[in-house]
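Below is one structure, written out as structure tokens; the observations come after it.
Number of protein chains: 2
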Amino acid sequence: MAKKPYRIGVDLGGTNIKVGIVDEQDRILAKKSVKTRAERPWQEVAKDIAELAMRLLAELKIDISECEKMGVGSPGMIDHINGVVVFAGNFNWDDIPLVTELRRYFSLPITLANDANCAALGETVAGAGKGARHVVLITLGTGVGGGVVADGILQQGGAAGGMELGHTLLMLDGEECTCGRRGCFEAYASANALARQGRRAAKTDSKSIMHEMCKGDLSNMNGAIPFKAAQKGDKTAQRVVDDYIRYLGEGLINCINVWRPEKVLLGGGISNEGAPLINPLNEYVRPRCFAGERGFVPHIEIAALGNDAGIIGAAAL
Amino acid sequence: MAKKPYRIGVDLGGTNIKVGIVDEQDRILAKKSVKTRAERPWQEVAKDIAELAMRLLAELKIDISECEKMGVGSPGMIDHINGVVVFAGNFNWDDIPLVTELRRYFSLPITLANDANCAALGETVAGAGKGARHVVLITLGTGVGGGVVADGILQQGGAAGGMELGHTLLMLDGEECTCGRRGCFEAYASANALARQGRRAAKTDSKSIMHEMCKGDLSNMNGAIPFKAAQKGDKTAQRVVDDYIRYLGEGLINCINVWRPEKVLLGGGISNEGAPLINPLNEYVRPRCFAGERGFVPHIEIAALGNDAGIIGAAAL
């Protein structure tokens, strides 16, 4: 039997379709991307995935028979057992049998999973969680996503809609969440939530430099501005950052009390804030986990692979 | 090699030490218990476990060589990897190497786990979750405990202090919890929490029949009284029950959004309320999970094994 040292990883995003060829050491040998243009028929998206993969293999002079499998990470609610995107709001997709369609192009095992779950697996096999068997990744982007590797196994839930770590409560009857519930972790810890918190605070303080940073229009507020303004000494912005760290910290304490992972990793746009985010966050979380200092409290770190986590994780499914 | 058809299950509780001999069909062939008397040296508790097991084996005419393994469920924070009770508040135990001590009596594999985790495994192999590979059990007793079986594997967390499902948030800055945090699921959904909710409500309504049921002293309030009073038409009690179902429901929605189990089971004292608890609870939860009716929503049911879940689950570790 021929050796199969390569795997194909696909990161299907709202903006780009990214495909990479990954080797046995979980390194990306080459990658390519095209625009997703999700408004077109979904079969064309599947065709683009296949074409990107075939072009990469040709350029690397790798035969498809040398590929062990293909993994695909997709946003939305995934039926990982049947390889179906149950729905993806951004794509306007409903019950898309993506794996069945991809099998028209490739005769190798194909697996579909949620994109945040793929990123968690990628960081565990090749990123900031390498060497650990228990990792929780939380992505702080437009929403709050996440993934869990427990005892080396990617947790995906028993049916579609599991592992929605962003849609667990922080505050009953709290802020409205995109999911229809109120008070979800996502409604407090996403980049959008932080921008909203920044806008509200700036409205109460006409002297805050956040106004200037928003060019006088608070609709320009984003998740980076409160951090930048706080570093320049703006007290109102500092309060926004402090509150945000508390919200994020409380959600991470929930994750630690449930999984006690070796590492908690942060990805997504807000994780780019680095030390001014991570240091006070670790200080906040350490004494507040169940059993406090008597229990093992993992260190919270920034994820390492950036956009490559999705490809590497998908290839590792 | 001799066939090993039997296993020893131990349920170490605050009141009683219960030991059972379990067969290959996860049935308890015989069981015995003695008082725990946790105030004595812990080695005596271990000795009692050993003696109960040996008496049971003798009565059943089973040789220890026919036993595959022993499992022990203990309250408190468990280091399941090293077989240590890190601490158990009720027992005043700290870093008790229970497995090492039990190995002095038995030369067979011995595993230690949290008691609520054992109950979840017991219900999955032989109780209301039988046949399912994904089960969440929540126990509504003095506190709120729980356990998760995901893809057939009991989840115990990466280190001691994991799977504390009762110590995830329902309400940031909410009710004080026994763990030192505020707003935990346990602080809203335990039997103690329900009694507190009942007391508070009765104080606002001198005509509520809850006063009579408490014999004029609200310190006699317990988790059963609001349910009983509501069934007799007491409107104040009905509001307490409605609120409680909402709190419990929100915590269960969190569990469903994370694990999407095939079944959610309720154990512990409050679960004895049966239909008046379970029916409105299912109605509350069904439309409120992530993705609502588009996702799979498990049925919430009462656990089936009662006190035997701990023994059967421990034997199945």
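Chains A and B supply the protein sequences, listed in that same order.
Just so you know, we're using the working numbering here: the first sequence kicks off at 1 and counts up by one.
Just so you know, we're using the working numbering here: the second sequence kicks off at 1001 and counts up by one.
Just so you know, even glycine gets a beta-carbon here, dropped at the ideal spot from N, CA and C.
Quantities reported herein were computed from a predicted structural model and do not represent experimental measurements.
Can you give me the Cβ contacts of Y1247/B inside the same chain, cut-off strictly under 6 Å, excluding the 5 residues immediately before and after it? For the purposes of this step, residue 1247/B is taken as residue 247 along the second sequence, with counting starting at 1. Around Y1247/B: Y1188 and A1189.
With distances taken from CA atoms, which of N192/A, L194/A, T236/A and A191/A is nearest H211/A? Within the first sequence, numbered from 1, the residue matching residue 211/A stands at position 211. Nearest option by C-alpha distance: T236/A.
If you run the structure through DSSP and keep just helix, strand and coil, what is L170/A? Within the first sequence, residue 170/A is the residue found at index 170, counting from 1. L170/A: coil per DSSP, three-state reduction.
Let me know the secondary structure DSSP gives H299/A once reduced to three states. By 1-based counting over the first sequence, the position of residue 299/A is 299. DSSP places H299/A in strand when its eight states are reduced to three.
Straight-line Cα distance separating R1199/B from D1217/B: The sequence position of residue 1217/B within the second sequence is 217, counting from 1. The sequence position of residue 1199/B within the second sequence is 199, counting from 1. Each residue's alpha carbon lies about 10 Å from the other.
State buried or exposed for P1287/B, treating a residue as buried only when at least 16 other CB atoms are found within 10 Å of its CB. The count along the second sequence starts at 1 and reaches residue 1287/B at position 287. By the 10 Å Cβ count, P1287/B comes out exposed.
Would you mind working out which of D115/A, E123/A, L172/A and K228/A sits nearest K18/A, comparing C-alpha positions? The residue given as residue 18/A occupies position 18 in the first sequence. For K18/A, the closest C-alpha among the options D115/A, E123/A, L172/A and K228/A is that of D115/A.
Quick check on the burial criterion: 16 or more other C-beta atoms within 10 angstroms. Buried or exposed for P1075/B? Translated into positions along the second sequence, residue 1075/B becomes position 75. P1075/B should be labelled buried.
Looking at chain B, is there any beta carbon in it that lies within less than 8 Å of the beta carbon of P261/A? Working through the first sequence from its first residue, we reach residue 261/A at position 261. For P261/A, the answer is yes, since a Cβ of chain B falls inside 8 Å of its Cβ.
Grouping DSSP H, G and I as helix and E and B as strand, with all else coil, what is M210/A? By 1-based counting over the first sequence, the position of residue 210/A is 210. Three-state DSSP puts M210/A in a helix.
Whose C-beta lies closer than 8 Å to the C-beta of H167/A among residues of the same chain, with five residues either side of it excluded? Taking the first residue of the first sequence as 1, we reach residue 167/A at position 167. Cβ within range, chain order: C177, C179, R181, C184, F185 and E186.
Decide yes or no for the touch test of the segment 50 to 61 of chain A against the segment 122 to 141 of chain A: beta carbon pairs closer than 8 Å, at least 3 of them. These segments do not touch.
N82/A: buried (16+ other C-beta within 10 angstroms of its C-beta) or exposed? Counting from one through the first sequence, the residue named residue 82/A turns up at place 82. Under this definition N82/A is an exposed residue.
Using the DSSP secondary-structure output, state which residues sit across from E1176/B in a beta bridge. Walking along the second sequence from the start, residue 1176/B turns up at place 176. Answer by DSSP bridge pairing, in chain order: R1182/B.
With 16 other Cβ atoms within 10 Å as the buried cut-off, status of L29/A: For the purposes of this step, residue 29/A is taken as the residue at position 29 of the first sequence. Only exposed fits L29/A, as fewer than 16 other CB atoms lie within 10 angstroms of its CB.
Cβ of V285/A less than 8 Å from any chain B Cβ? Residue mapping note: residue 285/A aligns to position 285 of the first sequence, counting from 1. Answer no: the Cβ-Cβ gap between V285/A and chain B never drops below 8 Å.
Looking at the structure shown, is I81/A part of a helix, part of a strand, or coil, going by DSSP? Residue mapping note: residue 81/A aligns to position 81 of the first sequence, counting from 1. In this structure, I81/A counts as coil in the three-state DSSP scheme.
Sequence ranges, beta strand (DSSP E) only - wholly within the segment 1084 to 1128 of chain B, length at least 3: Unbroken beta strand (DSSP E) runs of no fewer than 3 residues, entirely contained in the segment 1084 to 1128 of chain B, are found at 1084 to 1088, 1093 to 1096 and 1110 to 1114, following chain order.
Count the other C-beta atoms from every protein chain shown that fall within 10 angstroms of the C-beta of H1299/B, then say buried if there are 16 or more, exposed otherwise. Position 299 of the second sequence, counted from the first residue, corresponds to residue 1299/B. H1299/B is classed as exposed because its beta carbon has fewer than 16 other beta carbons within 10 Å across all chains shown.
Closer than 7 Å by beta-carbon distance: list the chain B residues that pair up with A291/A, in chain order. Here residue 291/A is taken as the residue at index 291 of the first sequence, counted from 1. Result: M1077 and G1161.
Could you tell me whether the segment 1135 to 1148 of chain B touches the segment 1261 to 1270 of chain B, where touching means 3 or more Cβ pairs closer than 8 Å? Output reads yes: the segment 1261 to 1270 of chain B touches the segment 1135 to 1148 of chain B.
E1123/B beta carbon less than 8 Å from that of L1305/B: Mapped onto the second sequence, residue 1305/B falls at position 305. Mapped onto the second sequence, residue 1123/B falls at position 123. The beta carbons of L1305/B and E1123/B sit closer together than 8 Å.
So C255/A and L154/A are in contact, right, with Cβ under 8 Å, and what is the actual spacing, rounded? Residue 255/A sits at position 255 when you count from the first residue of the first sequence. Residue 154/A sits at position 154 when you count from the first residue of the first sequence. In fact, because the Cβ distance is near 15 Å, the residues do not count as touching under 8 Å.
DSSP has V1034/B in a bridge; who is on the other side? Numbered from 1 along the second sequence, position 34 holds the residue referred to as residue 1034/B. V1034/B pairs with I1017/B.
Which residues DSSP lists as bridging K1069/B, in chain order: Residue numbering aside, residue 1069/B sits at position 69 when the second sequence is read from its first letter. For K1069/B, the beta-bridge partners assigned by DSSP are R1007/B.
Please identify, using Cβ separations under 7 Å, the residues of the segment 139 to 173 of chain A that lie next to chain B, in order along the chain. Considering only beta carbons, the part of the segment 139 to 173 of chain A lying closer than 7 Å to chain B consists of A150, Q155, G157, G158, A159, A160, G161, G162, M163, E164, L165, H167, T168, L169, L170, M171 and L172, in chain order.
To the nearest angstrom, how far is it from the Cα of E66/A to the Cα of L60/A? Taking the first residue of the first sequence as position 1, residue 66/A is located at position 66. Taking the first residue of the first sequence as position 1, residue 60/A is located at position 60. In this structure, the alpha-carbon of E66/A lies about 12 Å from that of L60/A.
Taking the alpha-carbon positions, what's the Q1104/B to L1098/B distance? In the second sequence, residue 1104/B corresponds to position 104, counting from 1. In the second sequence, residue 1098/B corresponds to position 98, counting from 1. Gln is not the amino acid found at residue 1104/B; the sequence shown has Arg there. If I take the Cα positions, the gap works out to 10 Å.
Between G71/A and T111/A, is the Cβ-Cβ spacing less than 8 Å? Locating residue 71/A in the first sequence gives position 71, where the first residue counts as 1. Locating residue 111/A in the first sequence gives position 111, where the first residue counts as 1. Between G71/A and T111/A, the C-beta gap is smaller than 8 Å, which places the two residues in contact.
When you compare the CB of G71/A with every CB in chain B, is at least one pair closer than 8 Å? What you label residue 71/A is simply residue 71 of the first sequence in a count that begins at 1. No, its Cβ sits nowhere closer than 8 Å to a Cβ of chain B.
According to DSSP, V1149/B sits in a beta bridge with which residue or residues? Here residue 1149/B corresponds to residue number 149 of the second sequence, with the count starting at 1. V1149/B has V1135/B and L1154/B as its beta-bridge partners, per DSSP.
At which residues does the beta strand (DSSP E) containing K1061/B begin and terminate? Position 61 of the second sequence holds residue 1061/B. No beta strand (DSSP E) contains K1061/B, which DSSP labels as neither H nor E.
Top-ranked residue by Cα proximity to N307/A, from G9/A, N90/A and A58/A: Within the first sequence, numbered from 1, the residue matching residue 307/A stands at position 307. Out of G9/A, N90/A and A58/A, G9/A has the C-alpha closest to the C-alpha of N307/A.
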